[in-house]
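Engineer: Quick one: the structure is below, and I'll ask about it shortly.
2 protein chains.
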Amino acid sequence: MLLLSKSDIQACYSLTDCIKAVEDAFKLFSTNKVEVPLRTQIKNHANSGSYLCMPALCESYNASCVKVLNVFPENINRGESSINAQVLNIDTESGAINAILDGNYLTQLRTGAASGVAIEKLAKSQCHKGALIGTGGQAATQLEAMLISRHLDEVQVSDLDYSRAKEFAAEMTEKLESYKTTITAVPTANMAITDADIIISVTPSKRPVYDGTLVKPGATICGVGSYQPQMQETPSELVQRADKIYFDSQDAVLSEAGDILIPLRKKEITQSKFTGELGKVISGELAGRQSDSEIIFFETVGIAAQDLITAKSIYDKAVQKKVGTNWAN
Amino acid sequence: MLLLSKSDIQACYSLTDCIKAVEDAFKLFSTNKVEVPLRTQIKNHANSGSYLCMPALCESYNASCVKVLNVFPENINRGESSINAQVLNIDTESGAINAILDGNYLTQLRTGAASGVAIEKLAKSQCHKGALIGTGGQAATQLEAMLISRHLDEVQVSDLDYSRAKEFAAEMTEKLESYKTTITAVPTANMAITDADIIISVTPSKRPVYDGTLVKPGATICGVGSYQPQMQETPSELVQRADKIYFDSQDAVLSEAGDILIPLRKKEITQSKFTGELGKVISGELAGRQSDSEIIFFETVGIAAQDLITAKSIYDKAVQKKVGTNWAN
C-alpha cells in the first residue's frame, strides 16, 4: 500500500493538476458516470462528533475510493483541526486498497479546484481584481485556484478577524509570488468585492458576509462555505441579481446549502432561476457565460466525484514519480 | 497513524485475546450498545466485484472504525485472494484516524473468535473429538478457536479436496502442537463429524456437506460458511434436530444465511425453533446449554460489532506493546 502524506502529495501533484481532475469529475458526475451511494453518518453524542463514510466508483475512469471524514468541532478548543479525513484509493480490477491519502489536504485541493474549474469555464476572459472572503483552512487553495484560472493584477482578502487576514495575505504573497499578483488584506468584505471580477467566499457564516448590490456586472462569484441549511454567506440580493446560477451537484446543493435554500424558502428566488450543473457546461450540454456583463454565481458544497477523481489522479502521479512510502503489508 | 500488518498483529495479539474481544462485541451488540448504519455496497460490473463499506461506533467501549471490504471472486483466477480488506480505527474523542489494520487477517481472527465464544459458552464442559469441514482461508482460526475453548484429544478435518485437507492437517499439527491435540485429515465430512462433540463447517457450499442424522447428542455445531441466501452447508435435518439455535445477529442471519433461510422457506423449521442471540447468553438474559445431551447449533454470518471491538482491542495492545509502524502523516 502506498502511503501519501500532504508533503508527498505536494511533491508530485499541483493544484493545476487537480483543476484538470475536478473538471473531469464534474463532467463524469453530470453525465451519470459516477456511482455514489448515500453517505452514511454516525453521530458521537458524548463528543459532539460526526463520522462520515463516502464510497464512490467510476468504472469508465477506473477509479474507486472511500473517503472517511470525521467532523469534531470541539477539537478547535484543543487547537486541533475539527476535521480528520483519509481517503483509501482502490484498484478497480482487483479491489485491492492500494493507497491511503491525507484526506484533509485532498479536500483542500479538490475544494479549491472546484472554484478553479468554475472560474476557468465561467469568468470573463479578461479579469483584473479578485476578492477572497474568509481565510480559514480552505482559503489557500481557493486563492491559488483563482490565480491559476485567470491572470489578476490584485486580490483583496478579508476576514472577520482583520489581523488574520493580514497574516494570510502576507503568507500568500510569499507563497504565490510567481503569479505576480498583488495580494492585500482589507478591513471589510465590501471593500474587497467592490470592483472585483471574481469573488470567492469561504466562510461558515450564518449571515451574508457582503452587500450583494455592490457586486459589479460581469462578476463571477463562487459560494464555497455554505454546506449546511442554516449557513448563508452569499446575500440573497446577489443570488437574485445573478444572470446564471450553476452548481457542482444540484441535488447536493438543494439538500445542504443555505446560500440557495434560504432565499428559496423566503421566496426571494424560485428554482426557475437555476441554470444547472457546471459538469453540463463542460460536456457542452449547457451554455456558460454569454456576455461580459452577466453576473454568474456558482454554488458548491463538494461532491464525492471530486474526491474520487482527485484521489485516482494523485495516485497515478505518485506512482509515476515514485513518491510516497511503500508499506509492505 | 499506526500501520498494523498481519505480522504486527500476530506479534502483539492472540486469538485468545480476540475471543475475549468478540465476547464483549456480542454482548454489546445484543444490548444495543453498538451503532451500525446499513452497510453501503457498490457493484463493479466490468470486474464482477463488490465494494462494501462498514462504519461502526460503540460509545461505551470508546470504539469507532470503518471496515472496507472488497470482494472480487475473479482474483482467484490470478492466484490472489478474492477479498481485500482494511480497517481504519478511529479515536472517539477527536475523530482522528489513528490506525489502519490488515482487514483480511482481522476478519480471520474475529470469525474464528465467534466460534470460540460459541464453544466456550455452549459446548459441554468435557469434549473429546472435534470436526472441521472446509480448509480454506478462514479454517486456521476456526481450528485454533476450537482448541482454545475446549481441550480435545483429536480433531478430524475434511475438505472436498482431500489432498488439501491433508496438507492443512499437517501444517496445523505443526503450528498448533502446543495444544497436544491429534489433528488428522479424513476423506469424508461424515467420517469427521461421527462421534464429534464439536463441529465447525466453513465452506461456501450450496448443498449440505454432511449427514445431519449422524451428529451425536450433546454436540455443538457452528455454521460459519453460509453468508448468502443460496448457500447451505448445514443439513436441514441437523437444524431440525437442534434443541437450541443461537445466532450472532438474528437480523443478519435472517437476511443472509441460507443455512437458516432455506429450511425456513421449505417449512422444515419455523422461527419458533430459534433460541436467540449468543450475546444474550453472555449478558445472562438467555439460558445456554442445560444438559449434556442437547444438540446446540450456532449460526454466524459475521457482524460489524466484531470488527469494531477487535480493531480497538488490537490497537490498544499494539500501542501498549509498541508494535507496528508509525507513519508520521
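Residue numbers (the numbering used here), protein chains in the order written: chain R, 2 to 330; chain V, 2 to 330.
Ideal Cβ placement from N, Cα and C applies to all residues, glycine included.
Being a predicted model, the structure only gives us computed values, none of them experimental.
1) Considering only residues of the segment 272-317 of chain R, which uninterrupted beta strand (DSSP E) runs meet the minimum length of 3 residues and lie entirely inside it, listed in chain order?
2) Can you grab the Cα-Cα spacing for the pair glycine 289(R) / threonine 195(R), in whole Å?
3) From the DSSP secondary-structure annotation, give me the bridge partner or partners of glycine 137(R).
4) Evaluate proline 218(R) with the Cβ neighbour count: other Cβ atoms within 10 Å of its Cβ, from every protein chain shown; 16 or more gives buried, anything less gives exposed.
5) Is there at least one Cβ from chain C nearer than 8 Å to alanine 312(R)'s Cβ?
6) Quick one: residues in its chain with C-beta nearer than 6 Å to the C-beta of threonine 214(V), no 5 flanking neighbours on either side, listed in chain order?
7) Could you work out which residue in Phe299(R), Glu60(R) and Ile246(R) is closest to asparagine 45(V) when comparing CA atoms only?
8) Give me the chain R residues within the contact set of valine 67(V), using Cβ-Cβ distance strictly less than 8 Å, ordered along the chain.
9) Taking only beta-carbon positions, decide if aspartate 103(R) is within less than 8 Å of chain V.
10) If we count the other Cβ atoms within 10 Å of its Cβ and call it buried at 16 or more, is tyrosine 163(V) buried or exposed?
11) Quick one: which chain R residues come within Cβ less than 9 Å of serine 6(V)?
12) Comparing the C-beta of glutamine 143(V) with each C-beta of chain R, is any distance below 8 Å?
13) Output yes if chain R places a C-beta closer than 8 Å to the C-beta of phenylalanine 30(V); else output no.
14) Counting C-beta neighbours from all protein chains within 10 Å, is the total for asparagine 330(V) 16 or more, i.e. buried, or is it exposed?
15) List in chain order: all unbroken beta strand (DSSP E) runs of 3+ residues lying wholly within the segment 209-251 of chain V.
16) Can you check which of these residues, Leu58(R), Ile200(R), Pro236(R) and Ala64(R), is closest to glycine 117(R) by C-alpha distance?
17) Is glutamine 11(R) close to chain V, meaning its C-beta is less than 8 Å from at least one C-beta of that chain?
18) Let me see if you follow: with CB-CB separation under 8 Å, is serine 256(V) close to chain R or not?
19) Evaluate the contact criterion for the segment 113-128 of chain V versus the segment 279-287 of chain V: three or more CB pairs, one atom per stretch, below 8 Å.
20) Report the option in Ala146(V), Ser179(V) and Ile263(V) whose CA atom is closest to the CA atom of leucine 16(V).
21) On the DSSP letters alone, give me the boundaries of the beta strand (DSSP E) that lysine 44(R) sits inside.
22) Following the continuous alpha helix (DSSP H) through asparagine 105(V), name the residue where it begins and the one where it ends.
23) Would phenylalanine 298(V) and alanine 243(V) qualify as a contact pair, given that the criterion is a beta-carbon distance under 8 Å?
24) Quick one: complete beta strand (DSSP E) runs, 3+ long, within the segment 71-101 of chain R?
25) Identify, in the order they occur along the chain, each residue of the same chain with its Cβ nearer than 8 Å to the Cβ of glutamine 109(R), setting aside the five sequence neighbours on each side.
26) With 8 Å set as the bound, which would you pick, yes or no: does the beta-carbon of asparagine 78(R) sit closer than that to a beta-carbon of chain V?
27) At a Cβ threshold of 8 Å, is proline 38(R) touching chain V?
28) Secondary structure at methionine 2(R), three-state DSSP: helix, strand or coil?
29) Can you say whether threonine 311(V) is buried or exposed, counting buried as having 16 or more other CB atoms within 10 angstroms of its CB?
30) Is the shortest distance between the beta-carbon of isoleucine 91(V) and the beta-carbons of chain R less than 8 Å?
31) Counting pairs of Cβ atoms below 8 Å between the segment 59-74 of chain R and the segment 305-325 of chain R, do you hit three or more?
32) Whole-angstrom Cβ separation of glutamine 157(V) and alanine 193(V), contact assumed at under 8 Å?
33) Report all residues from its chain with a CB closer than 8 Å to the CB of serine 49(V); omit the five preceding and five following residues, and keep chain order.
34) Could you tell me if threonine 41(R) is buried or exposed, where buried requires 16 or more neighbouring beta carbons within 10 angstroms of its beta carbon?
35) Do the segment 122-131 of chain V and the segment 319-327 of chain V touch if we need at least three Cβ pairs shorter than 8 Å?
36) Output yes if chain R places a C-beta closer than 8 Å to the C-beta of leucine 110(V); else output no.
Structural biologist: For this structure:
1) Listed in chain order, the complete beta strand (DSSP E) runs (minimum 3 residues) inside the segment 272-317 of chain R are 297-300.
2) Whole-angstrom Cα-Cα distance: 24 Å.
3) According to DSSP, which records beta bridges pairwise, glycine 137(R) is partnered with nothing at all.
4) Burial call: exposed.
5) Chain labels in this structure do not include chain C; the protein chains are R and V.
6) Here the set comprises Glu238.
7) Scanning Phe299(R), Glu60(R) and Ile246(R) for the CA closest to the CA of asparagine 45(V) turns up Glu60(R).
8) For a Cβ distance threshold of 8 Å, residue set Tyr52, Cys54, Val67 and Val69 of chain R lies close to valine 67(V), ordered along the chain.
9) Output row for aspartate 103(R): interface = yes.
10) Residue environment analysis places tyrosine 163(V) among the exposed positions, since fewer than 16 neighbouring C-beta atoms fall within 10 angstroms of its C-beta.
11) Within 9 Å Cβ-Cβ: Trp328, Ala329 and Asn330.
12) Residue-level contact check: glutamine 143(V) does not touch chain R, since none of the beta carbons of chain R fall below 8 Å from its beta carbon.
13) So no, phenylalanine 30(V) is outside the interface.
14) The residue is buried, with at least 16 neighbouring Cβ atoms inside 10 Å.
15) Scanning the segment 209-251 of chain V from its first residue to its last, the whole beta strand (DSSP E) runs of 3-plus residues come out as 221-224 and 245-248.
16) If we check each option's Cα against that of glycine 117(R), Ile200(R) comes out closest.
17) Among the CB atoms of chain V, none fall inside 8 Å of the CB of glutamine 11(R).
18) Output row for serine 256(V): interface = no.
19) Yes, the segment 113-128 of chain V is in contact with the segment 279-287 of chain V.
20) Looking only at Ala146(V), Ser179(V) and Ile263(V), the smallest Cα-Cα distance to leucine 16(V) is reached by Ala146(V).
21) Run containing lysine 44(R): 41-45, per the beta strand (DSSP E) assignment.
22) Unbroken alpha helix (DSSP H) run through asparagine 105(V): 104-123.
23) Yes, these two residues count as a Cβ contact at 8 Å.
24) Restricting attention to beta strand (DSSP E) runs no shorter than 3 residues, the segment 71-101 of chain R encloses them at 84-91, ordered along the chain.
25) Only Gly138, Gln139, Ala141 and Thr142 meet the Cβ criterion.
26) No, asparagine 78(R) does not count as interfacial toward chain V.
27) It does: the Cβ of proline 38(R) has a partner Cβ on chain V nearer than 8 Å.
28) Note: methionine 2(R) maps to coil in three-state DSSP.
29) Residue environment: threonine 311(V) is assigned as buried (16 or more neighbouring CB atoms within 10 Å of its CB, all protein chains considered).
30) Under the Cβ criterion of 8 Å, isoleucine 91(V) is counted among the residues facing chain R.
31) Contact between the segment 59-74 of chain R and the segment 305-325 of chain R is present, because at least three Cβ pairs lie under 8 Å.
32) Approximately 4 Å separates the beta-carbon atoms of glutamine 157(V) and alanine 193(V); this is inside 8 Å, confirming the contact.
33) Answer for serine 49(V): Phe73, Pro74 and Glu75, listed in chain order.
34) Threonine 41(R) is buried by the Cβ-count criterion.
35) As far as the Cβ criterion goes, the segment 122-131 of chain V does not touch the segment 319-327 of chain V, which means the pair count is below three.
36) No, no contact with chain R.
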